[in-house]
Amino acid sequence: MSGRPPMPSTPEEEPSIKLHEGWHCLHIYYQVNQLQLNSLSKKQRRRGIEQFVQILNPERAGVPERMQVFATSGHRADLGLMLMDPDPLVIDTICQELRTSELGTVLQPTYSFVSLTEISEYVPTLEQFSEKLIREGANPEDDMFKARVRGYEQRLPAMNKQRIYPEIPPYPVHCFYPMN
Numbered sequence: 013m014s015g016r017p018p019m020p021s022t023p024e025e026e027p028s029i030k031l032h033e034g035w036h037c038l039h040i041y042y043q044v045n046q047l048q049l050n051s052l053s054k055k056q057r058r059r060g061i062e063q064f065v066q067i068l069n070p071e072r073a074g075v076p077e078r079m080q081v082f083a084t085s086g087h088r089a090d091l092g093l094m095l096m097d098p099d100p101l102v103i104d105t106i107c108q109e110l111r112t113s114e115l116g117t118v119l120q121p122t123y124s125f126v127s128l129t130e131i132s133e134y135v136p137t138l139e140q141f142s143e144k145l146i147r148e149g150a151n152p153e154d155d156m157f158k159a160r161v162r163g164y165e166q167r168l169p170a171m172n173k174q175r176i177y178p179e180i181p182p183y184p185v186h187c188f189y190p191m192n
């Protein structure tokens, strides 16, 4: 006997960085190095701005499923990006394109946070929702109980979809806090 574990009887799924469900998410923040920006010629700045606008154009091919660009208040960053896609390499492409653009030397990354979209453990299943109502004194035979459970059952798929594939409205403000 060689001491090796037996081969699995069915082939295992090929490892992949692409998700079957949900998206990779990157929050990345940059400071603008004003001295470096001032050292660029007007032509370099103009070309850099054109590249910047093209790289962050959500309508062009090959961009992440979700891409938000925002100004950041405070001393830690001037610019923030939130990028989401099933393929992390699509997300990384944006960062690399910015880094290699004419303004790449001006943008200094100051903070990043990588995560995955998911249905958190805080979202109760239908059974957990029903049990909670019972613990709160609801009668499972009561029409109100049944209506609340039915309503939750109807809302749950949309709630879960929003967590896995979030639609992010173009709000004028953005708040980020890492869930670690």
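Following our numbering, the residues of the sequence shown are numbered contiguously, the last one being 192. We put the beta carbon where it would ideally sit given N, CA and C, even for glycine. All values reported here derive from a predicted model rather than from experimental measurement.
{"Item": "Alpha carbon of residue 157 to alpha carbon of residue 131, nearest angstrom", "Value": "25 Å"}
{"Item": "Sheet register partners of residue 108 (DSSP bridge)", "Value": "BP columns for residue 108 are empty, so no partner."}
{"Item": "Alpha-carbon spacing of residue 42 relative to residue 95, whole angstroms", "Value": "14 Å"}
{"Item": "Three-state secondary structure assigned by DSSP to residue 164", "Value": "helix"}
{"Item": "Per-residue burial, residue 79 [other beta carbons within 10 Å of its own, 16 or more giving buried]", "Value": "buried"}
{"Item": "Cβ-based neighbour list, residue 67, same chain, cut-off 7 Å, excluding 5 preceding and 5 following", "Value": "106, 109, 110 and 113"}
{"Item": "For residue 58 and residue 40, the rounded distance between their alpha carbons", "Value": "24 Å"}
{"Item": "Proximity below 9 Å, CB of residue 123 to CB of residue 89", "Value": "yes"}
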